[in-house]
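Residue numbers (numbering that gives the first Met the number 0), protein chains in the order written: chain A, 0 to 263; chain B, 0 to 263; chain C, 0 to 263; chain D, 0 to 263; chain E, 0 to 263; chain F, 0 to 263.
There are 6 protein chains.
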Amino acid sequence: MRANRLRELCANGGAAINGWVQIPSGFAAEVMASQPWDSLTIDMQHGPVDYQAALAMLQAMSHKDPTPTVRVPWNEPGIIMKCLDAGAFGIICPMVNTAEQAEQFVKTCRYPPKGFRSFGPTRAMLYAGADYPAHANDSVLTFAMIETEEAVDNLDGILDTDGLDGVYIGPADLCQSYGAAERVDLKEPAMVAILDKILDGCKKRNLICGIHTMDPNYARHCVEKGYQFVTIASDGRLLAGACQAAIKVARGETGEGDGAGGPY
Amino acid sequence: MRANRLRELCANGGAAINGWVQIPSGFAAEVMASQPWDSLTIDMQHGPVDYQAALAMLQAMSHKDPTPTVRVPWNEPGIIMKCLDAGAFGIICPMVNTAEQAEQFVKTCRYPPKGFRSFGPTRAMLYAGADYPAHANDSVLTFAMIETEEAVDNLDGILDTDGLDGVYIGPADLCQSYGAAERVDLKEPAMVAILDKILDGCKKRNLICGIHTMDPNYARHCVEKGYQFVTIASDGRLLAGACQAAIKVARGETGEGDGAGGPY
Amino acid sequence: MRANRLRELCANGGAAINGWVQIPSGFAAEVMASQPWDSLTIDMQHGPVDYQAALAMLQAMSHKDPTPTVRVPWNEPGIIMKCLDAGAFGIICPMVNTAEQAEQFVKTCRYPPKGFRSFGPTRAMLYAGADYPAHANDSVLTFAMIETEEAVDNLDGILDTDGLDGVYIGPADLCQSYGAAERVDLKEPAMVAILDKILDGCKKRNLICGIHTMDPNYARHCVEKGYQFVTIASDGRLLAGACQAAIKVARGETGEGDGAGGPY
Amino acid sequence: MRANRLRELCANGGAAINGWVQIPSGFAAEVMASQPWDSLTIDMQHGPVDYQAALAMLQAMSHKDPTPTVRVPWNEPGIIMKCLDAGAFGIICPMVNTAEQAEQFVKTCRYPPKGFRSFGPTRAMLYAGADYPAHANDSVLTFAMIETEEAVDNLDGILDTDGLDGVYIGPADLCQSYGAAERVDLKEPAMVAILDKILDGCKKRNLICGIHTMDPNYARHCVEKGYQFVTIASDGRLLAGACQAAIKVARGETGEGDGAGGPY
Amino acid sequence: MRANRLRELCANGGAAINGWVQIPSGFAAEVMASQPWDSLTIDMQHGPVDYQAALAMLQAMSHKDPTPTVRVPWNEPGIIMKCLDAGAFGIICPMVNTAEQAEQFVKTCRYPPKGFRSFGPTRAMLYAGADYPAHANDSVLTFAMIETEEAVDNLDGILDTDGLDGVYIGPADLCQSYGAAERVDLKEPAMVAILDKILDGCKKRNLICGIHTMDPNYARHCVEKGYQFVTIASDGRLLAGACQAAIKVARGETGEGDGAGGPY
Amino acid sequence: MRANRLRELCANGGAAINGWVQIPSGFAAEVMASQPWDSLTIDMQHGPVDYQAALAMLQAMSHKDPTPTVRVPWNEPGIIMKCLDAGAFGIICPMVNTAEQAEQFVKTCRYPPKGFRSFGPTRAMLYAGADYPAHANDSVLTFAMIETEEAVDNLDGILDTDGLDGVYIGPADLCQSYGAAERVDLKEPAMVAILDKILDGCKKRNLICGIHTMDPNYARHCVEKGYQFVTIASDGRLLAGACQAAIKVARGETGEGDGAGGPY
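Structure (structure tokens):
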């Protein structure tokens with residue numbers, strides 16, 4: 000089976016710089032996959048990507064190195080299994096708020112006896128090799144999103160889920176859940192304490208802790224803290240930021256882009 | 000009819016900063032159209048955009064300000080007229096090397112008696128209004144690409160073409176045609192002399208002179224020289240450059256992105 | 000944030016004439032959006048529209064006035080949130096039969112603390128503006144479909160749902176649920192009494208009452224009765240009816256079209 | 000081979016009422032094909048339909064009776080042959096202005112020795128049967144568009160083209176070519192005389208004379224005059240007209256739709 | 000209503016040889032539908048087909064004889080009803096493990112009073128006729144997949160579900176569920192005993208028993224045993240096997256294809 | 000630059016067994032690319048593949064070994080250059096009948112000074128590497144189709160075209176051109192003599208001689224004669240043949256498939 004480089008990188012103690020792909024286009028995905036990301040996540044939840052687009056994007060990315068993962072729209076077996084069968088090497092599941100939801104999610108991703116994933120890795124075998132069925136349970140990564148107060152309250156139960164490989168923190172939803180305006184790149188002590196609690200819970204269990212960021216400097220900071228799966232902005236926002244910066248220079252306007260994704 | 004802001008900007012002596020759209024996706028086009036470009040060009044020649052993608056992109060851009068233009072794959076009436084009927088407010092035609100080709104191109108874009116454009120602006124009326132037919136001949140912009148030695152040799156004949164609104168210089172092809180490696184942002188005196196000759200020919204006839212650039216600083220330099228339609232990189236390269244810059248920062252690597260499009 | 004004209008119209012006591020869009024095509028959606036409808040509903044339940052088609056349709060409609068809404072296939076958070084993130088300004092949810100289902104639906108459409116909508120209005124911000132997050136909860140419309148006997152039995156509980164903006168009556172399903180053949184434009188006293196009960200329940204609570212009709216004369220009658228969101232047929236049936244009428248005239252056959260949608 | 004009902008109808012002296020399909024959607028095409036048209040034309044010239052859309056539309060129409068034809072974007076062998084291979088039973092070629100162009104067009108549609116159509120009716124055999132190759136030359140219909148003054152001047156040469164089955168008059172382009180504003184449903188004596196000349200030329204040679212109309216009453220008038228292939232409006236305009244009529248009724252506004260296609 | 004030939008064939012005691020369609024392409028579906036299959040199943044669970052692809056495939060197959068069925072991704076009302084509205088004449092539902100799940104599935108497929116299918120057979124009426132609503136409940140086939148130990152334990156309850164037309168055995172999942180490696184074409188006595196139990200349960204209740212196979216010889220064996228709905232491989236695997244066999248011959252390599260689907 | 004394995008194989012005296020891809024689907028292309036073909040040709044002439052489909056197919060094939068080539072619809076610069084920019088490593092051009100046409104074709108495929116290919120290998124660089132521009136002229140293969148009597152008459156002129164890499168024989172068109180019914184796998188002495196003449200002309204000039212076949216035994220015979228680029232059937236016909244063979248076995252019918260493509 001084709002190696003899951005994201006799993007290997009994290010298992011070796013490394014940290015993955017992850018690209019976030021929202022543009023529903025095989026070509027854009029191929030451009031993203033040609034950059035030095037360690038891994039890529041096709042966002043089927045908030046981005047305008049549906050399954051057919053995700054399939055084309057997974058195909059277009061397959062001759063490049065970054066490990067392909069998918070954030071699914073919701074904790075539903077139908078779409079999770081379809082994404083796995085399409086060759087995703089990792090699944091990020093939004094809004095995992097309880098241990099029961101975490102267990103349901105993980106079992107969706109695993110063949111019996113570890114779970115109830117249905118057999119039929121139609122494209123996964125084309126991508127990963129004919130021995131995919133024998134190795135998928137040990138290779139495919141499962142990330143539960145921690146993005147609500149309820150999830151933080153149930154943190155230990157979630158992290159103790161058998162077969163869970165890691166978590167992915169959604170700072171914007173987390174802020175909203177705690178009654179604050181949505182933000183990322185959190186620096187408020189109260190929120191940082193929550194992030195630290197999640198990070199520590201992962202470290203203790205040798206789970207991968209992932210997080211969504213906007214500013215690459217904040218991303219670097221996260222890597223230094225021990226996050227092993229760190230996303231920077233998204234293709235759409237990186238494109239927007241690059242346009243804004245280039246237009247300013249071309250117009251001779253003062254002000255500088257900061258290398259991060261811009262507002263739309 | 001909806002105003003052709005690109006035409007107005009240039010008529011008032013301004014210079015348009017133009018975005019180049021190669022990602023075949025309505026969403027990516029909408030992101031591009033939400034940035035402060037003056038105009039956008041959907042590239043149907045070298046980018047992976049075909050007509051159906053271009054249509055979706057034109058639709059997605061229609062609620063935003065940048066003026067939509069299309070670079071067609073070749074000087075062929077079928078596709079040029081289809082793009083106009085889809086609502087393109089300007090056409091860039093590649094490889095116009097003779098006055099005859101220029102005349103053929105311009106007449107393709109104009110209804111009789113100025114040309115032989117066939118009547119049926121199906122979507123153009125949805126985009127621009129029911130009075131599009133009465134105004135299209137005076138509104139739609141025609142740009143002939145000057146990108147070969149032959150075109151430079153025939154420059155006066157091309158520029159004298161009745162109804163031509165401007166030219167668009169393709170530096171990479173122009174270099175190749177003169178026996179050099181393809182490049183953009185040309186600074187070699189011999190090539191600059193050729194560019195100046197084209198620019199001067201346009202100024203003399205009050206035509207819009209456009210050019211393709213990579214570095215936004217070079218683009219600003221072009222505006223200062225009198226180019227009125229200046230493109231910076233493409234969505235794909237701007238995205239690639241933004242990724243490379245952000246990844247470097249996140250990894251703590253030295254080196255800085257320069258705000259321009261990166262190599263793939 | 001771009002104004003939600005449908006909400007404003009109803010808040011001012013007006014009634015919206017709503018178009019129903021089932022043809023999965025950006026061009027057809029653009030044609031529909033160019034007609035004098037107050038609002039449009041993209042039907043993802045019974046029409047052949049899926050998410051990718053809906054996205055293209057929402058994009059193509061964005062430069063026109065009718066307010067875009069979506070009828071989702073089912074009361075599922077994954078697809079409801081994706082439609083909101085794509086820029087729908089209203090959601091019609093089928094088969095809301097209990098107060099619990101109504102609450103689940105409404106909370107899916109609202110950011111915390113009013114609900115559990117996940118944050119990521121990727122395209123909604125492109126369509127509605129950067130301040131969309133701050134206003135979405137007060138702008139996006141939520142319509143629960145009342146289309147079963149069970150829903151009528153639970154009417155008060157449903158209508159009392161905090162944050163629900165209105166209901167949408169599906170007469171065909173309602174008839175079936177009561178053991179009759181499916182029909183619309185109901186005139187039987189027993190069914191009219193049920194409709195009146197729903198309408199009155201809405202009026203009492205200042206909720207928008209919507210209904211699906213086929214005959215525009217019936218639609219007018221509904222407006223006069225106080226319905227504020229009245230749909231006429233669908234794009235497919237309007238097209239079919241127009242074809243049938245035109246063909247009859249061209250063939251010199253007697254009989255007249257009635258301006259309404261025809262059978263397929 | 001599946002019968003070409005349009006050819007049979009005309010050969011028997013009948014007149015076809017033809018539907019015009021511009022919405023790039025298999026579902027819309029299926030709705031159109033379910034109406035009592037004799038034939039349908041997928042418009043690849045001015046409508047937003049490209050080849051991939053046309054293919055899906057031809058497939059969706061195949062279980063219905065109306066004979067499928069295609070108006071190609073231009074007189075180019077590549078796209079004409081692709082449409083034939085996709086199963087079109089008739090081709091309408093725009094802007095045929097000379098006998099040479101007519102001959103080029105007809106030969107593109109015919110296998111040797113009658114022409115130079117390349118062999119490979121991939122989908123045509125699925126649609127029409129395994130014996131398609133043996134019968135295609137005698138079955139597929141070729142219509143040259145007469146829509147310029149030049150074409151009228153060359154009328155006899157065009158009509159004498161060996162293998163040409165008929166012509167199709169484009170009134171809007173014809174008006175423009177004669178220096179008038181584009182219109183259809185022509186009633187001016189000077190233009191009617193030109194139409195009559197074309198119609199008479201066809202009748203004399205037993206060719207099918209077709210025409211594009213907007214008002215079904217005018218279409219009936221054309222049938223009475225001897226046109227055998229009469230189009231009414233397009234799906235997009237019929238839909239627009241039906242919407243406008245229904246909305247007026249629902250709003251209680253005076254004024255009546257006329258059963259024909261409306262302006263956008 | 001168009002006859003459901005699969006239902007008729009089985010009611011008459013016949014056995015259907017069923018094709019399995021995973022290639023998301025209308026053209027491939029049309030090729031499949033042109034072969035002498037009795038029925039076809041579009042696989043939306045493990046194949047790369049989503050709803051929009053399935054719709055195009057159903058349309059392309061509609062002028063051919065094989066009865067169209069769909070395997071849905073999961074037991075969810077939204078997607079099941081959408082597939083029925085798109086014209087599927089049979090639904091195969093994966094992972095039906097309890098009588099409750101079977102009842103939920105069957106009721107999703109039936110209009111009241113037999114179930115809670117929502118009314119709106121938009122395309123189904125185009126495909127099957129205007130009288131589809133009156134006959135759908137008696138025509139559309141419902142197959143519950145038996146593919147887990149839990150389902151076998153609950154077999155009687157599942158088979159007794161009112162309105163269930165048959166079952167479909169998924170041997171690969173069944174093996175996994177019993178702790179064995181996934182396989183099809185099962186010959187191990189223990190597994191054969193389970194298959195026999197299911198088959199006998201169906202026979203006793205006059206239900207259709209279906210099964211997925213790879214080797215056409217095994218399929219023949221199943222028909223002889225009394226299975227009435229027997230699938231052979233999939234389009235993708237049949238294509239792969241045919242390529243491998245042809246390449247071997249062309250290269251002069253020994254070894255023979257066996258007419259069945261090959262590994263990828 | 001990624002190696003052109005087809006060029007290398009032929010340069011080393013080997014013969015490529017080539018797959019023919021007509022199903023417009025990335026997944027089907029990926030299945031084809033996973034079989035042991037030496038090279039694959041996406042057929043944009045007679046198959047239902049257009050540019051957007053071809054792009055998705057090229058992307059899906061990129062992580063597999065077979066060299067991707069494209070048969071373009073016609074000898075037109077617009078589409079040929081678009082296919083090269085999409086990453087095709089070889090172009091097969093139909094209906095090359097004269098030396099002038101051959102020269103036009105070859106120059107379309109080569110950058111100056113060898114031709115007039117316009118610069119912009121947008122996706123080709125993603126597929127083949129950043130050094131593609133420097134090597135493309137020496138790597139990309141050009142095949143002129145010899146498929147008419149006129150081409151045979153002009154054979155020497157065509158074969159002497161500077162930069163032409165080989166020819167591809169279309170037997171069906173060739174037969175038609177000589178007044179016979181279309182066939183492949185030609186065995187009639189008169190036709191074989193023509194084939195031999197073409198093959199000898201290639202051998203003499205060290206050009207690759209390719210041919211389209213249906214029967215893999217005939218293909219093997221061609222390899223033995225010295226053809227170096229031999230196609231067997233197409234994906235659609237191989238699939239059809241495999242279905243027919245499997246169905247026969249499952250039904251217990253006599254008769255055997257022959258491993259080759261079947262009629263539709």
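Glycine is no exception: its CB is placed at the ideal position from the N, C-alpha and C atoms.
Among the residues facing chain E, residue 26(F) is included, as its CB has a counterpart in that chain under 8 Å away. Here the alpha carbon of residue 244(F) sits roughly 41 Å from the alpha carbon of residue 21(D).
Residues of chain D with a Cβ closer than 8 Å to the Cβ of residue 11(C) do not exist, since the nearest Cβ in that chain sits about 16 Å away. Residue 55(C) has a beta carbon lying within less than 8 Å of a beta carbon in chain B.
Around the C-beta of residue 180(F), fewer than 16 other C-beta atoms lie within 10 Å, and the residue is accordingly described as exposed. For the options 242(F), 111(F), 38(F), 93(F), the alpha carbon positioned closest to that of residue 119(D) is the one of 93(F). In the three-state reduction of the DSSP assignment, residue 38(C) falls in the strand class.
By the neighbour-count criterion, in which a residue is buried when 16 or more other Cβ atoms sit within 10 angstroms of its Cβ, residue 160(D) is buried.
Where residue 56(C) is concerned, the enclosing alpha helix (DSSP H) starts and stops at 50-60. Taking a C-beta cut-off of 7 Å against chain F, the contacting residues of the stretch 108-125 of chain D are 110, 111, 112, 117, 118, 119, 121, 122, 124, 125, listed in chain order. Using a 10 angstroms sphere on the CB of residue 189(A), the tally of other CB atoms stays under 16, which defines it as exposed.
Near chain B, meaning a CB-to-CB distance below 9 Å, the residues of the stretch 27-47 of chain D are 42, 43, 44, 45, 46, 47. Nearest CB-CB separation between residue 210(C) and chain D: not below the 8 Å threshold. Residue 61(B) has a beta carbon lying within less than 8 Å of a beta carbon in chain C. According to the DSSP assignment, residue 77(F) belongs to the alpha helix (DSSP H) that extends over 76-84.
Per DSSP, residue 134(D) has no beta-bridge partner at all. Restricting attention to 73(C), 76(C), 64(C), 34(C), the CA atom closest to the CA of residue 247(D) is found in 34(C). Under the three-state reduction of DSSP output, residue 104(E) falls in the helix class.
One alpha carbon belongs to residue 103(F), the other to residue 136(B), and they sit about 34 Å apart. Secondary structure of residue 180(A) (DSSP, three-state): coil. Apart from the 5 residues on each side of it in sequence, residue 117(A) sits with its Cβ closer than 7 Å to the Cβ of 80 in its chain, given in chain order. At a cut-off of 8 Å between C-beta atoms, residue 100(C) does not count as an interface residue with respect to chain A. In this structure, residue 58(F) keeps its C-beta atom at 8 Å or more from the C-beta atom of residue 89(F). Residue 236(C) sits in a helix when the DSSP states are folded into three classes.
The Cβ of residue 49(E) sits closer than 8 Å to at least one Cβ of chain C. Burial is judged here by how many other beta carbons sit within 10 angstroms of a residue's own beta carbon; residue 234(E) has at least 16 and is buried. In summary, the residues of the stretch 218-244 of chain A whose CB is separated from some CB of chain B by less than 8 Å are 218, 219, 222, 229, 231, 232, 234, 235, 237, 238, 239, 240, 241, 242, 243, 244, in the order they occur in the chain. Going by C-alpha positions, residue 223(A) is about 34 Å away from residue 123(A). Between residue 184(D) and residue 213(D), the gap from beta carbon to beta carbon is short of 8 Å. Considering only 44(F), 9(F), 186(F), the residue with the shortest C-alpha distance to residue 38(F) is 9(F).
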